[in-house]
Amino acid sequence: MDIVLQNILKKYGNKTVLHIDKLELKAGLVTGIIGPNGSGKSTLMKIIAGLDNAFTGSLRINGGEVNQEINKNMTMVFQKPYLINTDVYNNIAYPLKIRGKSKTEINNKLQNVIRLMKLEGIAHQNACTLSGGEMQKVALARAIVFEPRLLLLDEPTANIDPQTMQLMENAISYVNQRCNTTVIIVTHNIGQLQRMCREAVFMREGKVEKQGTMRDILSNIKGTYIDEFLELDM
Ligand SMILES: Nc1ncnc2c1ncn2[C@@H]1O[C@H](COP(=O)(O)OP(=O)(O)OP(=O)(O)O)[C@@H](O)[C@H]1O
Ligand SMILES: [Mg+2]
Numbered sequence: 004m005d006i007v008l009q010n011i012l013k014k015y016g017n018k019t020v021l022h023i024d025k026l027e028l029k030a031g032l033v034t035g036i037i038g039p040n041g042s043g044k045s046t047l048m049k050i051i052a053g054l055d056n057a058f059t060g061s062l063r064i065n066g067g068e069v070n071q072e073i074n075k076n077m078t079m080v081f082q083k084p085y086l087i088n089t090d091v092y093n094n095i096a097y098p099l100k101i102r103g104k105s106k107t108e109i110n111n112k113l114q115n116v117i118r119l120m121k122l123e124g125i126a127h128q129n130a131c132t133l134s135g136g137e138m139q140k141v142a143l144a145r146a147i148v149f150e151p152r153l154l155l156l157d158e159p160t161a162n163i164d165p166q167t168m169q170l171m172e173n174a175i176s177y178v179n180q181r182c183n184t185t186v187i188i189v190t191h192n193i194g195q196l197q198r199m200c201r202e203a204v205f206m207r208e209g210k211v212e213k214q215g216t217m218r219d220i221l222s223n224i225k226g227t228y229i230d231e232f233l234e235l236d237m
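Basically the numbering used here = 1-based index in the sequence shown + 3.
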């Protein structure tokens with residue numbers, strides 16, 4: 004899905020937390036959103052996801068207003084995942100159930116995603132008893148199981164061990180390639196950004212400071228926040 008934001012202004016009281024003149028995110032790509040804490044990344048993601056309507060400006064997806072059909076085909080994984088108080092299997096099945104899929108289709112899709120995400124050992128455990136990392140894995144599995152056209156990921160692999168991170172990155176790339184899903188991913192991990200994203204957006208103090216290919220972003224960062232961020236992570 005193509006996303007175009009124009010003249011976006013979002014305030015809390017007198018404080019402007021997002022001020023974007025124009026931002027275009029291309030369909031079919033994995034785009035990274037980076038920037039310091041508090042720079043407005045999660046706020047931007049919630050606006051795109053249609054979860055925050057208290058802003059001025061225009062958000063257009065695939066050239067038009069966000070409608071039911073678009074809503075049905077997008078999902079967001081939150082920085083702090085929330086899961087339903089039932090087992091992992093039913094948590095992941097939920098998006099398929101509410102979309103009216105048949106039992107057979109649900110079972111097939113669940114089998115595939117449980118194998119892809121290596122969740123066999125916890126499939127029948129209550130989701131509320133999972134470790135933090137396990138919850139993040141389940142939240143991602145639940146997001147990709149219905150093959151969304153737009154997948155919004157807000158720091159999906161924060162606090163994840165390297166092996167699991169690889170597994171989650173592979174799962175994200177898999178849906179991007181197999182279903183042509185547009186992926187927007189917020190991350191503080193520059194390695195992840197380089198592995199996964201063709202383009203990136205650097206935000207600071209609510210503004211888009213730079214947008215471009217990973218090459219553009221990485222070649223113009225001397226003396227900026229990203230520079231420090233790189234040294235920390237590589
Ligand atoms: N409900 C709220 N009331 C007041 N200020 C808020 C509220 N929600 C967010 N903010 C402020 O908006 C700014 C942007 O927050 P946001 O969560 O988008 O940042 P972020 O870039 O995602 O940061 P992080 O990397 O820490 O997740 C922050 O300064 C935050 O304190
Ligand atoms: Mg955030």
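We treat Cβ as the ideally placed atom computed from N, Cα and C, and that holds for glycine.
Asked, Found
"Is it buried or exposed for E68, if we count other Cβ within 10 angstroms and need 16 for buried?", "exposed"
"Taking buried to mean at least 16 other C-beta atoms within 10 Å of its own C-beta, is P84 buried or exposed?", "buried"
"Ligand 1 heavy atoms versus the CB of V20: any closer than 6 Å?", "yes"
"On a Cα-Cα basis, can you pick out the residue from M206, P165, L221, L154 that is closest to V33?", "L154"
"Would you give the residue range spanned by the alpha helix (DSSP H) that Q71 belongs to?", "71-75"
"Using alpha carbons as the reference points, say which of K140, A30, P39, A57 lies closest to I11.", "A57"
"Kindly indicate which three-state DSSP category S61 falls into: helix, strand or coil?", "strand"
"Kindly indicate which three-state DSSP category E158 falls into: helix, strand or coil?", "coil"
"Does the segment 114-121 come close enough to the segment 131-148 to have 3 or more Cβ pairs within less than 8 Å?", "yes"
"Less than 7 Å between the beta carbons of L86 and N93, yes or no?", "no"
"Measuring CA to CA, which of T167, I175, T107 is closest to T78?", "I175"
"With respect to the beta strand (DSSP E) encompassing D24, which residues constitute its N-terminal and C-terminal limits?", "18-28"
"Which class does M48 belong to by DSSP, given the choice of helix, strand or coil?", "helix"
"Looking at C-alpha atoms only, which residue of L113, I147, T167, V148 is the closest neighbour of E137?", "T167"
"My assumption, with CB atoms under 8 Å, is that I37 sits in contact with A161. Please give the rounded CB distance.", "The Cβ separation is near 13 Å, so there is no contact."
"Let me confirm a value: E234 is counted as buried when at least 16 other C-beta atoms fall within 10 Å, else exposed. Which label applies?", "Reliability of the predicted coordinates at E234 is poor, the pLDDT of 49 falling under 50, and the value obtained from them is presented with this limitation in mind. E234 should be labelled exposed."
"With distance defined between alpha-carbon atoms, name the residue in Q114, K210, L133, D157 nearest to A52.", "D157"
"Could you tell me if the beta carbon of T132 falls within a distance shorter than 6 Å of some heavy atom in ligand 1?", "no"
"Which term fits P151, buried or exposed, when burial requires 16 or more other beta carbons within 10 angstroms of its beta carbon?", "buried"
"Please state the DSSP three-state secondary structure of M199.", "helix"
"If you measure from each CB to the nearest heavy atom of ligand 2 and keep those under 7 Å, what residues do you get, in chain order?", "K44, S45, Q82, D157, E158, V189"
"Where does the unbroken beta strand (DSSP E) through N94 begin, and where does it stop?", "That residue, N94, is in no beta strand (DSSP E); its alpha helix (DSSP H) goes 91-101."
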